């Protein structure tokens, strides 16, 4: 490790673990991470009244672990968290993530029938579509573990008619298959109405005997429409679809057999991962990851040097270039506000990485671009636009982690959700808003004060304080990572100590897809 210390510039990192601030940060961050973990567990308990992990979760981990003993990278565990009031929809009623099956990295989408019968809420649709987007961007085969009642009927106006609603799932299946991205479905329960199209449109479908059913209209609808009385098994069971209709390809005796058949289907894909970057032996970071708890606190008004975070995540750093698990990466991090010089430096570095086909990792802790007469005259708008253009046009894999604040146009310049990073994660202490709550309240209060003055009306300090309070409280709530993750503005909240592993798994998945050559637009000089 000593030979690598020279690659870092961290004047405080070797001694910072003994300061009172470090101890306070560590205690508060550990408590925050425990809250995050306990909330996930609580959602699981709500999801399963008997306090057991559902059968679908058991099957999924059986699927992954028996296949290759590799980690499972789960997405958006907080989907729908406190989103529908008293109506609980844990994890959005669907589990998504990336796992290695028969040696191949695959996107896995698993319906959870313990949540509203596996029906699709608006957030369920959004989470399913995001999983398919990840599969398309990274050229990963899709495996669907299907047990769904289709669209949630009471919310049909929010899940059925628009472009990015329920029908888009099947559109994506067709398009992904046309691009050579395999679609494999395992029917482990009921597939009713729209849910029936998932296995019907898959390249290969597996159905479990006396358990899986596929029909556009279930027995109650058939009786209402035609008067015919028929059982679910006779209407759409495994015997019917494997022996007569041809909707499914493989007949599974039970769940375990279905998983075995799915793994065999993946092995038959003749899939080969062609990595376009050089890989070196993996080196561990210089310092243990759990010390991150003391480096970055939950109070973002206290500054920290982002370079102190680098040392816990990467093997070494030379001019922003590093490696993680042997993969080359370019790292861009913030220490708050961006100036013109910062934006130009970031733009040049992005150009270098694109020219050399090196993936980019953005560590966001940004309050925005600098404002003021001097900076506007100096061209902060055009310099910021250079960085935004570079981020938007860069075709190398981009992965973003929000480790602190993510405010205003700084979110854009540092590859926020709108700039299509392959993956975007948040730390439990992070914040995301168009601006801080106090700043927003001050802006709105100033506008109101000026308007009252033009009308010849008084705007007292008490009125101003009364106006500001709910605005600050609203921004505080809406800037929370839990508020963000519930709405799928990110791909999940991660423990800081897991960041290196999550980045490695994400990067490995991203390198399945060939990288298109980057062409930049016009830079205003």
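Residue numbers (my numbering): 1274 to 1798.
All C-beta atoms, glycine included, are put in the ideal place defined by N, C-alpha and C.
Keep in mind the model is a prediction, meaning the values are calculated, not measured.
When DSSP builds the beta bridges, which residues end up paired with residue 1699?
Locating residue 1699 in the chain shown gives position 426, counting from the first residue. Partner(s): 1675 and 1766.
Along the chain, where does the alpha helix (DSSP H) containing residue 1627 start, and where does it finish?
For the purposes of this step, residue 1627 is taken as the residue at position 354 of the chain shown. Per DSSP, residue 1627 belongs to the alpha helix (DSSP H) from 1613 to 1629.
What does the Cβ neighbour count give for residue 1686, buried or exposed, with the cut at 16 atoms within 10 Å?
Against the chain shown, residue 1686 aligns to sequence position 413. Under a 10 Å Cβ-count criterion, residue 1686 is classified as buried, with 16 or more other Cβ atoms of the shown protein chains found around its own Cβ.
Start-to-end residues for the beta strand (DSSP E) that takes in residue 1388:
Residue numbering aside, residue 1388 sits at position 115 when the chain shown is read from its first letter. No beta strand (DSSP E) holds residue 1388; DSSP gives it neither H nor E.
Pair within 8 Å by beta-carbon distance, residue 1558 and residue 1577
Taking the chain shown and counting its residues from 1, one reaches residue 1558 at position 285. Taking the chain shown and counting its residues from 1, one reaches residue 1577 at position 304. No, these two residues do not count as a Cβ contact at 8 Å.
Helix, strand or coil at residue 1638 according to DSSP, with G and I counted as helix
What you label residue 1638 is simply residue 365 of the chain shown in a count that begins at 1. Judged by DSSP in its simplified three-state form, residue 1638 adopts strand.
Quick check on this structure: which residue in 1654, 1584, 1475 and 1409 has the alpha carbon closest to the alpha carbon of residue 1641?
The residue labelled residue 1641 in the question sits at position 368 within the chain shown. Ranking 1654, 1584, 1475 and 1409 by CA distance to the CA of residue 1641 puts 1654 first.
Short of 8 Å in beta carbon distance, which residues of its chain neighbour residue 1476, apart from the five on each side in sequence? Order them along the chain.
Working through the chain shown from its first residue, we reach residue 1476 at position 203. So the list reads 1450, 1455, 1456 and 1457, once near-sequence residues are dropped.
Can you give me the start and stop residues for the alpha helix (DSSP H) that residue 1448 sits inside?
In the chain shown, residue 1448 corresponds to position 175, counting from 1. Residue 1448 -> alpha helix (DSSP H) spans 1440 to 1451.
So for residue 1681, helix, strand or coil by DSSP?
One-based indexing of the chain shown puts residue 1681 at position 408. If DSSP states are grouped into helix, strand and coil, residue 1681 belongs with the helices.
Where DSSP assigns a beta bridge to residue 1415, which residues make up the other side?
Counted from its first residue, the chain shown places residue 1415 at position 142. Beta bridge pairing from DSSP links residue 1415 with 1380 and 1456.
In angstroms, rounded to a whole number, what distance separates the CA positions of residue 1442 and residue 1575?
Translated into positions along the chain shown, residue 1442 becomes position 169. Translated into positions along the chain shown, residue 1575 becomes position 302. Pairing residue 1442 with residue 1575, the inter-Cα distance amounts to about 44 Å.
Inspect the beta-carbon positions of residue 1418 and residue 1474 and report whether they are closer than 8 Å.
Stepping through the chain shown from its first residue, residue 1418 is reached at position 145. Stepping through the chain shown from its first residue, residue 1474 is reached at position 201. In this structure, residue 1474 does not lie closer than 8 Å to residue 1418 by Cβ.
Mind checking residue 1620: buried by the 16 CB within 10 Å criterion, or exposed?
Taking the chain shown and counting its residues from 1, one reaches residue 1620 at position 347. A residue is called buried when at least 16 other Cβ atoms come within 10 angstroms of its Cβ; residue 1620 meets this threshold and is buried.
Going by DSSP in three states, residue 1369 sits in which element: helix, strand or coil?
In the chain shown, counting from the first residue as 1, residue 1369 sits at position 96. In the structure shown, residue 1369 sits in a strand (DSSP, three-state: E or B).
Exposed or buried, residue 1520, counting other C-beta atoms within 10 Å across all chains shown (16 or more means buried)?
Translated into positions along the chain shown, residue 1520 becomes position 247. With 16 or more other CB atoms across the displayed protein chains lying within 10 angstroms of its CB, residue 1520 is buried.
Does DSSP put residue 1688 in a helix, in a strand, or in coil?
Counted from its first residue, the chain shown places residue 1688 at position 415. Coil.
Using 8 Å for Cβ pairs, my map puts residue 1764 next to residue 1697. What's the rounded Cβ distance?
Within the chain shown, the letter at position 491 stands for residue 1764. Within the chain shown, the letter at position 424 stands for residue 1697. The C-beta separation of residue 1764 from residue 1697 comes to about 5 Å, placing the pair in contact by the 8 Å criterion.
Three-way DSSP call (helix, strand, coil) for residue 1744 in this model:
Position 471 of the chain shown, counted from the start, is the residue given in the question as residue 1744. Here residue 1744 sits in helix by DSSP.
If the criterion is Cβ atoms closer than 8 Å, does the pair residue 1624 and residue 1663 meet it?
Counting from 1 along the chain shown, the entry for residue 1624 is found at position 351. Counting from 1 along the chain shown, the entry for residue 1663 is found at position 390. Yes, the Cβ-Cβ distance between residue 1624 and residue 1663 is below 8 Å.
Pull up the CB-CB distance for residue 1398 and residue 1353, whole angstroms please, since I reckon it's below 8 Å.
Residue 1398 sits at position 125 when you count from the first residue of the chain shown. Residue 1353 sits at position 80 when you count from the first residue of the chain shown. Contact doesn't hold; Cβ gap of about 11 Å is too wide.
Contacting residues, own chain, Cβ-Cβ under 6 Å from residue 1795 (five flanking each side not counted):
Numbered from 1 along the chain shown, position 522 holds the residue referred to as residue 1795. So the list is empty, once near-sequence residues are dropped.
For residue 1423, I'd like the list of residues in its chain whose CB is within less than 6 Å of its CB, leaving aside the five on either flank, ordered along the chain.
Here residue 1423 is taken as the residue at index 150 of the chain shown, counted from 1. Excluding sequence neighbours, residue 1423 sits near 1465, 1466, 1467 and 1468.
What separation, rounded to the nearest whole angstrom, lies between the Cα atoms of residue 1775 and residue 1346?
Reading the chain shown from its first residue, position 502 is the one you call residue 1775. Reading the chain shown from its first residue, position 73 is the one you call residue 1346. Roughly 7 Å between the two C-alpha positions.
Can you give me the start and stop residues for the beta strand (DSSP E) that residue 1477 sits inside?
The residue given as residue 1477 occupies position 204 in the chain shown. Note, residue 1477: beta strand (DSSP E), 1477 to 1481.
My understanding is that residue 1758 touches residue 1351, with C-beta atoms under 8 Å, so please give their C-beta distance in whole angstroms.
In the chain shown, the residue the question calls residue 1758 occupies position 485. In the chain shown, the residue the question calls residue 1351 occupies position 78. Contact holds; Cβ gap of about 4 Å.
Close Cβ partners of residue 1325 (< 7 Å) along its chain, the five nearest in sequence each way excluded:
Working through the chain shown from its first residue, we reach residue 1325 at position 52. Residue placement at residue 1325 cannot be trusted, given a pLDDT of 34 that sits under 50; the coordinates are not used to answer.
In terms of alpha-carbon separation, which member of 1707, 1528, 1542 and 1483 lies closest to residue 1413?
Looking up residue 1413 in the chain shown gives position 140. For residue 1413, the nearest C-alpha among the options comes from 1542.
Apply the 10 Å Cβ neighbour rule to residue 1446 and answer buried if 16 or more other Cβ atoms are within range, or exposed otherwise.
Start at 1 with the first residue of the chain shown, and residue 1446 comes out as number 173. The residue is buried, with at least 16 neighbouring Cβ atoms inside 10 Å.
On the three-state DSSP scale, how would you describe residue 1660?
Counted from its first residue, the chain shown places residue 1660 at position 387. The three-state secondary structure of residue 1660, taken from DSSP, is helix.
Would you please state the rounded distance, in angstroms, between the beta carbons of residue 1363 and residue 1388? I believe it to be under 8 Å.
As a position in the chain shown, residue 1363 is number 90, starting the count at 1. As a position in the chain shown, residue 1388 is number 115, starting the count at 1. With a beta-carbon spacing of about 6 Å, residue 1363 and residue 1388 fall inside the 8 Å limit used to define contacts.
Starting from residue 1595 and walking both ways along the alpha helix (DSSP H), at which residues does that stretch end?
Numbered from its first residue, the chain shown carries residue 1595 at position 322. Element bounds for residue 1595: not the alpha helix (DSSP H) but the beta strand (DSSP E), 1594 to 1597.
With a cut-off of 8 Å, do at least 3 Cβ pairs link the segment 1662 to 1677 to the segment 1720 to 1738?
Contact between the segment 1662 to 1677 and the segment 1720 to 1738 is not established, with fewer than three Cβ pairs separated by less than 8 Å.
Write down the C-beta distance between residue 1695 and residue 1405 rounded to the nearest angstrom, noting that I regard them as a contact closer than 8 Å.
In the chain shown, the residue the question calls residue 1695 occupies position 422. In the chain shown, the residue the question calls residue 1405 occupies position 132. At roughly 14 Å, the Cβ-Cβ gap does not stay under 8 Å, so residue 1695 and residue 1405 are not in contact.
Pull up the DSSP beta-bridge partners for residue 1465, would you.
As a first step, residue 1465 is located in the chain shown; it is residue number 192 there, counting from the start. DSSP, once it has assigned bridges, lists 1488 as partnering residue 1465.
Taking the CB atoms as reference points, tell me whether residue 1492 and residue 1508 lie closer together than 8 Å.
One-based indexing of the chain shown puts residue 1492 at position 219. One-based indexing of the chain shown puts residue 1508 at position 235. Residue 1492 is a Cβ neighbour of residue 1508, given a cutoff of 8 Å.
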